Amino acid sequence: MIAIMADSHDNLPVIREAVELLNREKVDMVIHAGDLISPFTAKDFKELKMPFEAIFGNNDGERDGLRVAYSSICNLSDFKALEVDGVSIAMIHGHQEELVDCLATCGKYDVVVRGHSHQPSIEKKKSLIINPGELCGYVSGKRTFALLDLDDLSHELVEL
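Below you can see the structure in the form of structure tokens.
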């Protein structure tokens with residue numbers, strides 16, 4: 316089981332709550348689809364007891380600082396392709412819809428993880444497209460992330 320999140324936007328209390336919950340639930344991995352925002356958020360994500368992968372979002376302006384702060388737990392970039400338990404996962408923030416569509420229809424990835432819209436959605440093209448919504452809760456008022464079972468690609472949305 317992996318946790319998928321995006322758009323945490325410096326909301327430290329919610330990041331801490333999510334980290335504590337995910338550590339208790341013992342998920343296998345956490346992936347973040349961008350908009351971490353500030354380097355100081357790394358301290359809380361470093362408390363995760365499982366592997367963490369993340370990418371940049373369109374609001375991650377302090378990229379050099381973020382790279383340094385997160386360097387001990389992941390290498391930040393604009394895009395990542397992961398293979399986890401035989402499941403191919405593409406990670407992109409999603410502010411360029413054409414790129415999301417290309418990744419989802421090319422047939423190379425089982426799952427495309429994206430964020431940006433702050434609205435949770437799950438769509439099936441050739442790939443399963445998962446947008447976990449916003450962890451921060453600033454736009455929608457809902458603080459959400461998704462859980463994905465890699466055995467059968469079943470998924471659920473979790474609200475904090």
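Just so you know, we're using this note's numbering here: the sequence shown kicks off at 316 and counts up by one. Where is the CB? At the ideal position from N, CA and C, for every residue including glycine. Just so it is clear, the structure is predicted and the values come from calculations on it, not from any experiment.
Take His410, set aside five residues on each side of it, and the residues of its chain with a beta-carbon closer than 6 Å to its own are Asn373, His431, in chain order.
The three-state secondary structure of Phe371, taken from DSSP, is coil. By the Cβ test, the stretch 415-427 is not in contact with the stretch 348-366, since fewer than three Cβ pairs between them sit closer than 8 Å. If the five residues before and after Asp325 are omitted, its C-beta is found closer than 7 Å to the C-beta atoms of Ile352, Ser353, Thr356, all from its own chain and listed in chain order. Leu418 sits in a helix when the DSSP states are folded into three classes. The closest CA to that of Met320, considering only Ser403, Arg382, Val383, Glu368, is found on Glu368.
Around the CB of Val329, 16 or more other CB atoms lie within 10 Å, so the residue is classed as buried. As the crow flies, the alpha-carbon of Asp467 is around 32 Å from that of Ser386. Assigned with DSSP and collapsed to three states, Lys341 falls in coil, not helix or strand.
Residue environment analysis places Gly452 among the buried positions, since at least 16 neighbouring C-beta atoms fall within 10 angstroms of its C-beta.
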